[in-house]
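Residue numbers (the working numbering): 3 to 228. Read through the structure below, which is laid out as structure tokens, and then see the notes.
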């Protein structure tokens, strides 16, 4: 992948198995968010293939990818700040089966995040940071994805909210949705990940189960401060 003439990712190859939580970890600037943006069609790859559910998707536009069962919860939330929380959720369910199942999906989101139910008529831009992150996750789930990608879901949140967000991610997987997560909170991410990949300056340098990387001396030194 390139930004202009600058290459930012080299020959990265990895897989996410159905029903797994897979994690991409690495320092800032390693290329993690770029990879998620490329999978979701925001950045077009200069080469290689992206295969989702047996089909190549690297040439599909982002607004069409939502129909394939792929959802992306971006870094910094990217909410419609002048719309209510409930209207933001509705925006996640505009197509196909997601629209037909909107009421059931919304009930599920409100069960995951009771605070959103309380704030359903409040403008998204006036919600707290934690509430906005809940809303971003909820909006992603409204599309009924088979794979949901989270980009820094705990960024800027208080520790108690970080714990809640990771609990929700585990519950999302438990209910059958595959998860790919990019996250700076390496310890908590590896603790829930079935498999994980370490990126450094745009290249894949390590891979393994979450548990094995959590116990790896290099990972401890480079990312956990041990």
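Heads up, the beta-carbon is just placed ideally off N, CA and C, and yes, glycines get one too. Here the structure is a predicted model, which means the values were calculated and not measured.
With a CB to CB cut of under 7 Å and the five nearest residues on each side skipped, what residues in its chain are close to residue 72?
42, 54, 147, 149
By DSSP's criteria, residue 86 is part of a beta bridge. Which residues make up the other side?
125
Exposure of residue 21, with buried meaning 16 or more beta-carbon neighbours within 10 Å:
exposed
Go through its chain and collect everything with a Cβ distance to residue 211's Cβ below 8 Å, but skip five positions before and after it.
195, 196, 197, 198
Buried or exposed: where does residue 130 fall if 16 or more other Cβ atoms within 10 Å of its Cβ makes it buried?
exposed
Using a Cβ-Cβ cutoff of less than 6 Å, which residues in the same chain neighbour residue 39 once the five nearest sequence positions on both sides are dropped?
45
Host beta strand (DSSP E) of residue 52 (start-end)
Premise fails: residue 52 is in no beta strand (DSSP E) and is neither H nor E.
Buried/exposed call for residue 187, threshold 16 Cβ in 10 Å
buried
In the DSSP assignment, find the unbroken alpha helix (DSSP H) run with residue 40 in it and report its ends.
34-41
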